[in-house]
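Here the structure is laid out as structure tokens; the discussion comes afterwards.
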Amino acid sequence: MARPKGQSTRTTGGRNPQMFLLILGLAALAVLVLIVVGSLSRSHKAPKTTYLKGIPVDGRTLGFADAPVEVWDYSDFLCPHCREFVEGPEKRLIEEYVKTGKVRFVFKHFVLSERSLPAANAAECAREQGKFWEYHDYLYARQATDSPFPTQKLKAYARQLGLDTSRFDKCVDEGKYFDALMKETMEGYKRGVRGTPTIFVNGTMVPRGMQWSYLKEAIDAALKESQ
Amino acid sequence: MRAKTVRRLAILGFDLIGWGASAYLTYTHFAHVEPMCGSYGGCGYVQSSPYATILGVPVALLGLLAYTVMFFLGILAFRGGERGEFWLQVLAGLAVAGTLYSLYLTYIEAFVLHAYCFYCVTQAIAITLMTVLVLWEWFRWAEP
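These protein sequence lines map, in sequence, to chains A and B. 13 is the number of the first residue of the first sequence in our numbering; add one for each residue after it. 1199 is the number of the first residue of the second sequence in our numbering; add one for each residue after it.
Right, dumping it as structure tokens:
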């Protein structure tokens, strides 16, 4: 049937407040779902450090003393790329090379800015008590939500890891390792480090070393050389 | 050109701007390269933050899909026909959702990450302007 002119679906158009509100509501709901799902997928529980089992730990060094290759990782706890490295290539490195006695892995501080100092210092305070790696994992797992790590958070992690809190808190409050951290950062700078993470294999910088394929290639070459 | 034509072209134009920014960020995500970001940019920082993915899916890819769908919804709506207004309403819904989500992401950039990413901000502006025009288009749908 022919509709009279001007009376088609027009009346249900944008001037229809109900339809407008419905669309707004649906859009807002969709966005809310996205935000909630996103935040749920980000909430990390306390990280598991079972990967350390069976590996000798000496402060910031992981691995057997007679491993033929040494890998250094210059990192900062506020740097997202460092977290990516820790979650991906680092775990693989530990699993495939450190556990098998081929590589000794050393974490080195490269403090990108003053804002990073408290977290790096706290990691050193945990190292004093033999829990550097546990604390290191904690910082990266919490980076998304807690960065740049206020003091009370740094202290809370230590409690959860079962550290001697009075000793830890004192170490954090006095910034015990600030000078040592700056020294280590300068040392990295002299070696050519300009960003984080920067990876060295047997003292030589590996370009794009944060990517597994490049890192693996460099390690395999160093292993071959050592034979 | 009539104002209506200009408006519709602008809607598709803003969509393409957003599409381009999302496509580039999607590319950098999967190619594992840092986005080019001018002299001092937070692109790499923002893009590698945990807010850049949802359940492992890069937000840039979601944006790319949304801009692609919105482009075709725009074409469907503007080519005329009985269901034109329906498609425009779907487009409006998606555009409003996109704007709200971009608003949230910009908030995260400003107050959580303290860094901005040029492409993210560009697409946020594009989607906001596009939404204004889409709603305008819808409110004026009955006009010749």
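Virtual Cβ for every residue (Gly too), placed ideally from N, Cα, C.
Using DSSP with H/G/I as helix, E/B as strand and the rest coil, what is R1200 of chain B?
-> coil
For chain B, is any of its Cβ atoms less than 8 angstroms away from the one on L38 of chain A?
-> yes
For A153 of chain A, which of A:A40, A:A234, A:L166 has the nearest alpha-carbon?
-> A:L166
Sequence ranges, alpha helix (DSSP H) only - wholly within the stretch 183–229 of chain A, length at least 4 = 190–202
Would the stretch 175–183 of chain A and the stretch 61–68 of chain A be scored as touching if the rule is three or more Cβ pairs under 8 angstroms?
-> no
In this structure, does DSSP put V1231 of chain B in helix, strand or coil?
-> coil
Backbone secondary structure at L74 of chain A - three-state DSSP | strand
What residues in its chain sit with their C-beta under 6 angstroms from that of F97 of chain A, if we drop five residues either side in the sequence?
-> P209, M222
Cβ distance (whole Å) where A135 of chain A is taken to contact L151 of chain A below 8 angstroms = 6 angstroms
Below 7 angstroms between beta carbons is the criterion; list the residues of the stretch 156–188 of chain A that meet it against any residue of chain B, in chain order.
-> A156
Closer than 8 angstroms, CB to CB, is V43 of chain A near chain B or not?
-> yes
Beta-carbon proximity of Y189 of chain A to N133 of chain A, cut-off 8 angstroms | yes
For W84 of chain A: DSSP bridge partner residues = A:V118, A:F212
Start and end of the alpha helix (DSSP H) containing W1339 of chain B?
-> Here W1339 of chain B belongs to no alpha helix (DSSP H), and DSSP marks it neither H nor E.
Out of curiosity, what's the CA-to-CA distance linking F1316 of chain B and L33 of chain A?
-> 32 angstroms
Under the rule that 16 or more other beta-carbon atoms within 10 Å means buried, what is Q1321 of chain B, buried or exposed?
-> buried
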